[in-house]
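Numbering-wise (the numbering used here), the sequence shown opens with residue 2 and increments by one. Cβ atoms here follow ideal geometry from the backbone N, Cα and C, with glycine treated the same way. Bear in mind the structure is a predicted one, so any value in this text is a computation, not a measurement.
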Amino acid sequence: QDLADKSGQLLTAVQTLNTTTTDDNLASCRALWKSIRETWERSEAWLVGPVAVDEIDPRIDTWPVDFNDLNSILSSGATLDDAYIDGLEESLKGFHPIEYLLWGQDGDKAAASFTDKEKEYLLGLSQNLKKLSEEVKDSWTGGYTTLLATAGAAGNTEYPTKKAAFEALVDGMAGICDEVANGKMKDPYELEDPTQEESPFAQNSIIDFTNNIKGIMDMYQGKFINDGKGIEDLVRHYNLALDNKIKEAHGTAVAALSAIDVPFGEAIIDQKPKVENAMAKINDLASVLDSELKPFLQQYGQ
2 QDLADKSGQL LTAVQTLNTT TTDDNLASCR ALWKSIRETW ERSEAWLVGP VAVDEIDPRI
62 DTWPVDFNDL NSILSSGATL DDAYIDGLEE SLKGFHPIEY LLWGQDGDKA AASFTDKEKE
122 YLLGLSQNLK KLSEEVKDSW TGGYTTLLAT AGAAGNTEYP TKKAAFEALV DGMAGICDEV
182 ANGKMKDPYE LEDPTQEESP FAQNSIIDFT NNIKGIMDMY QGKFINDGKG IEDLVRHYNL
242 ALDNKIKEAH GTAVAALSAI DVPFGEAIID QKPKVENAMA KINDLASVLD SELKPFLQQY
302 GQ
């Protein structure tokens, strides 16, 4: 719901920017991009269900983005509406082309530099992002929430046992650890190539990674805007030591990311030990989730 709401707000802000192209309106679009980005990154531990089955993730959040490819679209004669955006390859739609248009290649774009074609592309991208965000929300509220809530009930083919649901949740939590440490961070680090980072134009990559890891605790606690029931309640009831271990590993991973105090594209060159430590601590958290939390939950999910 939060993702869908914020995508609508971003679309409205883009429409305003296209009509009144001022630096203040550009700043509003940038702030809303970062806000919806926070929601998306915090929810990436939930890459189960509709967002995976309907392949929303690659259509919203594929990187790296080659600005040369984006510029070729901008120089084309195509009408860059929602239908055209739908037909583009995944790296040319979603969050990161929007990021490129709002910040520019060097992150210092001024409103006065926007071309009519950039405005057209930005509008089409924002409309497409809103449509896909609405699809995710509608899929959950249209039945998937019930499938998860009734895991183990007769006729539930998605989750025939509670164990299957628990395993899906833990796999999502451990999976985003793997994606951050061994994909988002490791690939640019090993290549020493800042162009491979996730959000280079807005210099938002470390924030992205941190929100990914924070989202694990959101899932564990059953907490986002409101605090509901979560896996935490079961673990604390039967194994307080495991709960403490999970939270300690989680806090250590977040702290390791916070220690990187320059943009990620610089850190992979100038702060290698900090990047290495963050990757190691995130992998440590994944190990606790996969080798200790999952077996614990499997006892209660028959």
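Hey, residue 208 and residue 46 are a contact pair by Cβ (cut 8 Å); roughly how many whole angstroms apart? 16 Å between Cβ atoms; not a contact.
Count the CB pairs spanning the region 159 to 168 and the region 209 to 229 that are closer than 8 Å, and state whether there are at least three. Three or more Cβ pairs closer than 8 Å define a contact, and the region 159 to 168 falls short of that threshold against the region 209 to 229.
Closest by CA to residue 114, which one among 246, 236, 124 and 24? With respect to the C-alpha of residue 114, the residue from 246, 236, 124 and 24 having the closest C-alpha is 24.
Alpha helix (DSSP H) runs wholly inside the region 187 to 235, at least 4 long, in chain order: The DSSP assignment places complete alpha helix (DSSP H) segments of no fewer than 4 residues inside the region 187 to 235 at 187 to 192 and 206 to 222, in order along the chain.
Start-to-end residues for the alpha helix (DSSP H) that takes in residue 263: No alpha helix (DSSP H) holds residue 263; DSSP gives it neither H nor E.
For residue 276, which option in 39, 42 and 182 has the closest C-alpha, if you only look at C-alpha atoms? The residue with the shortest Cα to Cα distance from residue 276 is 182.
What does the alpha-carbon distance come out to for the pair residue 187 and residue 280? Near 8 Å, if we compare the C-alpha coordinates of residue 280 and residue 187.
Going by the CB atoms, is the gap between residue 12 and residue 127 shorter than 7 Å? Yes, these two residues count as a Cβ contact at 7 Å.
As an exercise, report each continuous alpha helix (DSSP H) stretch of at least 4 residues that is fully enclosed by the region 25 to 62, in chain order. Qualifying alpha helix (DSSP H) stretches, in chain order: 51 to 54 and 57 to 61.
Who are the near neighbours of residue 140 in its chain, counting only those whose CB is closer than 6 Å to its CB and skipping five residues on each side? Excluding positions up to five away in sequence, the list reads 51.
Can you tell me whether residue 155 is buried or exposed, with buried defined as 16 or more other CB within 10 angstroms of its CB? Exposed is the call here.
Between the Cα of residue 2 and the Cα atoms of 251, 143 and 240, which residue gives the shortest distance? The shortest C-alpha separation from residue 2 is found at 143.
Provide the residue span of the alpha helix (DSSP H) that contains residue 294, from first to last. Element bounds for residue 294: n/a, residue is neither H nor E.
Delimiting residues of the alpha helix (DSSP H) encompassing residue 117: Residue 117 -> alpha helix (DSSP H) spans 117 to 140.
Exposed or buried, what is residue 146 when buried is set at 16 or more other beta-carbons lying within 10 Å of its beta-carbon? When all chains shown are included, residue 146 counts as exposed.
Beta-carbon within less than 6 Å of residue 123's beta-carbon, same chain only, minus the 5 sequence neighbours each way: which residues are those? For residue 123, where only same-chain residues beyond five positions count, the Cβ hits under 6 Å are 15 and 102.
Spatial distance of residue 30 from residue 131 (CA atoms): Residue 30 and residue 131: Cα-Cα distance of roughly 14 Å.
Taking the CB atoms as reference points, tell me whether residue 48 and residue 58 lie closer together than 7 Å. Yes, the Cβ-Cβ distance between residue 48 and residue 58 is below 7 Å.
On the three-pair Cβ rule with 8 Å, is the region 66 to 80 touching the region 33 to 45? No, because fewer than three Cβ pairs between the region 66 to 80 and the region 33 to 45 fall closer than 8 Å, the two stretches do not touch.
Alpha carbon of residue 95 to alpha carbon of residue 63, nearest angstrom: If you draw a straight line from the Cα of residue 95 to the Cα of residue 63, it comes to about 7 Å.
Outcome for residue 206 when other beta-carbon atoms lying within 10 angstroms are tallied against a minimum of 16: When all chains shown are included, residue 206 counts as buried.
Boundaries of the alpha helix (DSSP H) in which residue 274 is found, first to last residue: Annotation: the continuous alpha helix (DSSP H) that includes residue 274 extends over 273 to 289.
Short Cβ contact (7 Å threshold) for residue 217 with residue 255: Pairing residue 217 with residue 255 gives a Cβ-Cβ distance that is not under 7 Å.
Quick check: the Cα distance between residue 105 and residue 34, rounded to an integer number of angstroms? Distance between the alpha carbons of residue 105 and residue 34: 14 Å.
Could you tell me if residue 192 is buried or exposed, where buried requires 16 or more neighbouring beta carbons within 10 angstroms of its beta carbon? Residue 192 is exposed by the Cβ-count criterion.
Given a threshold of 16 other Cβ atoms within 10 Å of its Cβ, counted over all protein chains shown, does residue 7 qualify as buried or as exposed? When all chains shown are included, residue 7 counts as buried.
What did DSSP end up calling residue 89 once you bin it into helix, strand or coil? Look at residue 89 here: in three-state DSSP terms it is coil, with no helix or strand label.
Helix, strand or coil at residue 168 [DSSP, three-state]: Reduced to three states, the DSSP call for residue 168 is helix.
Which residues mark the beginning and the end of the alpha helix (DSSP H) in which residue 73 is found? Segment 68 to 75, the alpha helix (DSSP H) holding residue 73.
Starting from residue 8, follow the alpha helix (DSSP H) in both directions and report where the run begins and ends. Segment 3 to 20, the alpha helix (DSSP H) holding residue 8.
Residue nearest to residue 76 in terms of C-alpha spacing, selected from 60, 66 and 117: The closest CA to that of residue 76, considering only 60, 66 and 117, is found on 117.
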